[in-house]
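Under the numbering used here, think of the first position of the sequence shown as 14, with each following residue one higher.
Every residue, glycine too, gets a C-beta built ideally from N, C-alpha and C.
As structure tokens, the structure follows; a few thoughts come after it.
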Amino acid sequence: QVGSPMELYLHPTNLFVAQFIGSPAMNVFEGTLRIENGRHRVEADGQQWPVGSVAGGTDGQAVHYGIRPGDITMVDPGQGIPATVVVVEPTGAETELILQVGETALTLVLHGRTDVKPDQVVGLAIAADKVHLFDKAGGQRID
Numbered sequence: 014q015v016g017s018p019m020e021l022y023l024h025p026t027n028l029f030v031a032q033f034i035g036s037p038a039m040n041v042f043e044g045t046l047r048i049e050n051g052r053h054r055v056e057a058d059g060q061q062w063p064v065g066s067v068a069g070g071t072d073g074q075a076v077h078y079g080i081r082p083g084d085i086t087m088v089d090p091g092q093g094i095p096a097t098v099v100v101v102e103p104t105g106a107e108t109e110l111i112l113q114v115g116e117t118a119l120t121l122v123l124h125g126r127t128d129v130k131p132d133q134v135v136g137l138a139i140a141a142d143k144v145h146l147f148d149k150a151g152g153q154r155i156d
């Protein structure tokens, strides 16, 4: 893929570029694309993961679901997708969290400090318009 660093970061055309650009790396996990009444979502680890507007893809398609650590928001337990805090790592102006959702480990970056502690259950809100979908078989972006 050829483009500016920001273009590569925001619109990777394949899974390799998505995972190569950015630090911490994009969260990527496998799931199944579901399309019902024109609405898209991905099923993975017993959860329904939001997806923004996607023209491509087919119902039942195996996909890689990608979300950048800065595009996940921590919300109150009972809201969003339940996750267990595994690691809390202050890095100065930001705090990096490692969270567990089923079998999936996710990295989340918070600006500033947080009072959350390991083993605490939190909720996650995903910015659906920031989700990246890639075909599992070939790794190409699904738009």
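Asked                                                                                                              : Found
In chain order, each beta strand (DSSP E) run of at least 3 residues that lies wholly inside the segment 77 to 148 : 85 to 88, 94 to 103, 107 to 114, 117 to 124, 134 to 139 and 145 to 148
Uninterrupted alpha helix (DSSP H) stretches inside the segment 19 to 43 (no shorter than 4 residues)              : 28 to 33
Simplified DSSP assignment, three categories, for A57                                                              : strand
Sub-8 Å separation of A68 and H145 beta-carbons                                                                    : no
The segment 95 to 105 in contact with the segment 62 to 82 per 3-pair CB rule at 8 Å                               : no
Distance between G91 and Y78 (C-alpha atoms, nearest Å)                                                            : 23 Å
Residues that DSSP places opposite T45 in a beta bridge                                                            : E56 and A75
Spatially closest choice to G10 from M19, H24 and V76, by CA coordinates                                           : Residue 10 lies beyond the residue range present for the chain, which begins at 14 and ends at 156; the question has no answer from this structure.
Reference L110, options K149, N40, V15 and F33, closest by Cα                                                      : N40
Rounded separation between L123 and T97 - CA only                                                                  : 16 Å
Sub-8 Å separation of R154 and T26 beta-carbons                                                                    : yes
Sequence-distant residues of the same chain with beta carbon closer than 6 Å to D84, five excluded per side        : A140 and K143
Touching by the beta-carbon criterion (3+ pairs, under 8 Å), the segment 53 to 61 and the segment 111 to 121       : yes
Spatially closest choice to A150 from H24, Q74 and M87, by CA coordinates                                          : Q74
Counted within 10 angstroms of its Cβ, other Cβ atoms place P18 as buried (16 or more) or exposed                  : exposed
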